[in-house]
Amino acid sequence: MDVLNSLRLLSVLLTVQLLSLCNGTAPSASPECPIEITPDRMVLPYKARSLQNATCTPTPSASTHLRDIYWQGARTNSTTWSSYASEDWDLKPVCTATFEVKGTCQKHLNYTLYKTPDRVSIRPVDNLSSVVEEREFQLRCDVTSVAPAGSVAVRWYRGNETFEPLSKGPLRVTGCLPENDTKCDLSVVRSALNVSSTISVTLNRNDTGVEFRCEAQLDLGPAGPQPPPKMMSSPLNVTVYYKPVINTTKLPKAIPVFRGYPEELVCEADGNPPPKIQWLYSLDKVPNVSGDTLTVSEPGVYSCNATNEVDSIYHEVNVILKEDYLPLIAGFVAVTVVAISVVFLFIYSIYYKNTKMRRYSLKNPKLEAPSSNVAHNGWDMQFPMTKLSYRTNRKCTTSGLSEGQPVSSSCPVQMSPPSVVVRFGDSFSVNCSSSSDQIESMGLETMYGSTKTEGLSYVNITIESARDWNIGPICYINRVVDGQCLEKLSVTVYKTPDRVSISQPSLEGPLVEGNQYSIQCDIVNVAPVSNLSVHWHKGDTISYTERFNGSSTSPVNVTSVFDLTAQRGDDGTQIWCEAQLDFWGPVPNLTTIKSESRDVIVLYSPTFMEPENVTLELPAGGKFTLDCAAAGKPTPVYSWQFPHSIQQTNQNENQSSLAPSIQLPGTYRCTASNSQGSKAKYFTVTEATRNRTTFAALVGGFVFLGVVIVIAGLFLFPAELPSLFKLEFSLSLSLLHRRLSAENNMGINFLKWILTLCMFYFVSGEGCSLILKPSRVVVGFGEPVSVSCEAARPVRVLGWESAISAAHTQQELSVQWKVDSLIDWIEEPICYGVFFTAPRQCEEKLNLVLYKTPDSVSIRPVNHTGPMVEGKEYQLLCEVQNIAPVQYLTLRWYKGQTEVYNHSFTELTSSSPVQVSSVLMVTPTKAENGAQYRCVAELELGPEGPQPPPTVTSEPLNASVYFPPTFLSPEPEVLDLVVGAEITLNCTATGNPTPVYSWQSSNPNEERMEDEAALTSPSLLPGTYTCTASNTLEKKSKQFVVKAKTKGV
């Protein structure tokens, strides 16, 4: 039996062995522990205060054999492991499970603790701040206290762009040699380390001044923070030294020099450090040294040397001497002209000496009658007449005082007031009196009560609160003879609207010019509607008023519609409506209710600011500007068509003002267009008629002098005249020449003078053909500027004369003046040219405007502190610090949003920054209390300047205005006293400072009264009460007469 059991056990072991081999596992390999950890990887920041949990559970297939499962090292033996403010770099959480078949096995949590760097810095390895061009240069990036260091990636930046260096060393632990030291192995050490990365780069001259930076990034995988944490170093500026390079474009190898016209050679070289430039030349075999500028007039070979710390370079220039034959040619032409003139005059004097001028008679020209009608402005002129129409006001049933008209002619009763307008809920009093002496009794009856008197000729009643819309108090009298008669008082109860609003969605978007839009104004709960008027405001004007008719006296909701036809002048304005109740006579506490305002935006097609078609002549200098400025919304886009195809090149066509680079006569077309349409404008440029006045004057002078010479010869040599007629033309000319040479030097001197005049005329040549692009420049202080100067004919030397960035070129038709940062206030660049033809030299001055916005703009009162007093005159001073040029400055004064004054400084001519000020005279009123004053400095620099013009605004000055007390109702008031009822004396007044009140009574038994604006008491005695409202400026008083009320029937 034991043998049989042993065989069975052996067979089981063999079966297990075969199964292991089939699964590809050796018997000695430990099987994977059937445990699942959620999450399978945990990445936590160092010393984080957030709580994160990891759960350990068996796999579903092994859960039935589980005996126990727990975390080793956890605070409690549970399946959940928690991490809070972890500081243990070597922490390795382990989950342990015991199974019935497998036994005990473990699984580690993939746990990473990371820390962002404390600092990232960049520096040269050799601590050099400069490097020579094309030499290798090492940079080092230090990353301080980062973990895990093996997950750090370093990126390198040149400027704002990343770049890959020529060589890049591995990331190493700072101050650690990796041989045989596990502390230097980044894959082993889990704690924070200091690491560094080193690269090698080769720099060139374009890299000087470039900023280098390095960035350290922790790549912790998908389980890590996203985006990955990174830190950038501060920039490192590296100076690159490079050898000089001479500008051979401006200094060619061969330069022609005309005899008598010295040439200036300028050697420019670029290098770092800036090179020292010297000219080496030898005319007499003796070496000579000059600076960077050399003036030459003799032929030879001249050498320019540029030297700095890096290297030295030279450039040779061969100066070739040439003869200027232009004066000789001009003199020859002048002599030829003089000779021809003398010969012509001599022949004329011989053959036509005795010829008389023929007589001619002019016939009277026949004048034709005018073929067109003439319009006369005489007495028969008809003036347009406008028919005036008048509208009568409608009858108002709720009118106010009717200027003493009696209530009835039959019933002798007078009402005071004759009619009443009262706000809903307010109180009012009525007094009824009669002048009749036959009265037994009289009384007043209302829906709120009645009162009656016996044997008296007056009666009054007070209604504390008008709560009904139809109130008709009736006054009656009982007469001894005629019995009873009565009259009814007209009472109007009104209520201002609860709300006034505009409801029109079309105002939310832009309007189109010419289209009509209906805008609706809603008025809620207003009474009575027959007295309602709605005013539509557009900007500062009332565009439409609607008055309502209706019989309802109770509150109603009404609507007013305004038809607006959009016009371009409406763009930027505001539109609103206001509801107003109109009554005859003043009504206290009656206010106007306004709606919110809406901004109006109108789109309209372009319209040219100048006439649509322009004809102009091409000026003598060949410069003209075409102005195609147009107003439109949206802002117009411009396109140009040129008469010659050659002008299409290098033209920025989307501009309102155009100065063609090649200025030729013809028809130019400008089209301004936007989304609403387009319009064309034509410019016809014609060639100016050449002025021949000078030429005609010279020819006339020559002719006159020739005649004088001939006449003088006839008188000086009369004996030779017969022989002169007999000789041939050539012999006569030579004889005259010999006679003049032998006997009189006057002819020779005269010929020399004529020759000089001819030379002057012929060498006057062409005008100065220099073109500046642009011709006017507006540049801010410290900003770059660039201007091109072009020559319209062959030029020998073309250059800029300037205190800074002077430049010149030889035989090139264009030279540029360029400054990277313009800070010179007296800079006046001049472009000059030396030409091959006359005029030999000319210049054009650049219209340069250097501007600076003010450092500050402030506003303050002059010789005054504290609040202002109503009615007095004060000065407000606006000071502008450091602004230039002041002649383009406009100071604008604003009160609220309204411009009240502007001050320009066109009379000043300073180009450098100055301090200026402007004074505003104000006489404040109480309505201006709390108003804000501002001043705005605006530099209007023209179309070449920034658009819109730069402005600087001062801080607002809040105006506090003191004014004396003003009562809301200054007239004395008479009130009836009912025993036991409260009575209110309202003495409210407005004033600044706030008024202080005091009361006085004519009744000596009256108790002391409180110093308040309104006095309410049930225990007042009949009498006269005087209220005094006072502040620091003035005292004002108002009286209240309290009468005892007699009870009626």
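Whatever position you read off the sequence shown (first residue = 1), add 1 for the working numbering. Beta carbons are placed, not taken as given, at the ideal position from N, Cα and C, and that holds for glycine.
- At a Cβ-Cβ threshold of 8 angstroms, residue 219 and residue 117 count as neighbours.
- Boundaries of the beta strand (DSSP E) harbouring residue 633: 631-634, taken from the DSSP string.
- Within the stretch 974-1011, the runs of beta strand (DSSP E) that reach at least 3 residues and sit entirely inside it are, in chain order, 974-978, 984-987, 990-993, 997-1002.
- For residue 416, the pairing in a beta bridge is given by DSSP as 433.
- DSSP, reduced to helix, strand and coil, places residue 865 outside both helices and strands of the structure shown, so it counts as coil.
- Taking a contact as a CB-CB distance under 8 angstroms, the pair residue 125 and residue 139 counts as one, their CB atoms being some 7 angstroms apart.
- Around the beta carbon of residue 1004, fewer than 16 other beta carbons lie within 10 angstroms, which makes this residue exposed.
- In the structure shown, residue 814 adopts coil according to DSSP, grouped into three states.
- Per DSSP, the unbroken beta strand (DSSP E) holding residue 462 starts and ends at 459-464.
- By the C-beta density criterion, residue 916 is exposed, having fewer than 16 other C-beta atoms within 10 angstroms.
- In this structure, residue 446 keeps its C-beta atom at 8 angstroms or more from the C-beta atom of residue 479.
- Counting every other CB atom within 10 Å of its CB across the protein chains shown gives residue 234 a total of 16 or more, marking it as buried.
- For the options 829, 824, 835, the alpha carbon positioned closest to that of residue 812 is the one of 835.
- The stretch 797-808 makes contact with the stretch 820-836; the number of CB pairs closer than 8 angstroms reaches 3 or more.
- Inside the stretch 926-979, DSSP marks whole beta strand (DSSP E) runs of 3 or more residues at positions 933-940, 952-954, 962-968, 974-978, from first to last along the chain.
- In the DSSP secondary-structure assignment, residue 56 is bridged to 39, 81.
- Residue 814 places its beta carbon less than 8 angstroms from that of residue 792.
- The beta-carbon distance between residue 596 and residue 502, rounded to whole angstroms, is 5 angstroms. This is short enough to meet the 8 angstroms contact definition.
- The distance from the Cβ of residue 417 to that of residue 434 is about 7 angstroms, consistent with a contact at the 8 angstroms cut-off.
- Residue 55 is not a Cβ neighbour of residue 35, given a cutoff of 8 angstroms.
- Judged by pairs of C-beta atoms under 8 angstroms, the stretch 529-537 touches the stretch 550-565, as three or more such pairs exist.
- Taking 8 angstroms as the upper bound for CB-CB distance, residue 1042 and residue 1025 are in contact here, some 6 angstroms apart.
- A contact between stretches requires three or more CB pairs, one per stretch, nearer than 8 angstroms, and the stretch 945-963 fails this requirement with the stretch 903-919.
- The C-beta separation of residue 660 from residue 616 comes to about 18 angstroms, leaving the pair out of contact by the 8 angstroms criterion.
- The beta carbons of residue 631 and residue 657 sit about 7 angstroms from each other, so the pair counts as a contact at 8 angstroms.
- Residue pairing of residue 307 in beta bridges, as defined by DSSP: 278, 314.
- In this structure the stretch 522-532 lies against the stretch 486-502, because at least three pairs of beta carbons, one per stretch, are closer than 8 angstroms.
- In terms of CA proximity to residue 221, 46 leads the group 46, 239, 170.
- The Cβ atoms of residue 273 and residue 315 do not sit closer than 8 angstroms to each other.
- Between residue 267 and residue 940, the alpha-carbon positions lie close to 40 angstroms from each other.
- In terms of Cβ geometry, residue 953 and residue 858 form a close pair [threshold 8 angstroms].
- Separation of the CB atoms of residue 134 and residue 204 is rounded to 7 angstroms, and the pair is thereby assigned contact status at 8 angstroms.
- The DSSP assignment places complete beta strand (DSSP E) segments of no fewer than 3 residues inside the stretch 551-598 at 557-566, 575-582, in order along the chain.
- A contact is defined here as three or more CB-CB pairs under 8 angstroms, and the stretch 301-308 meets this definition with respect to the stretch 275-282.
- Only exposed fits residue 865, as fewer than 16 other CB atoms lie within 10 angstroms of its CB.
- Taking a C-beta distance under 8 angstroms as the contact criterion, residue 519 and residue 564 qualify as a contact pair.
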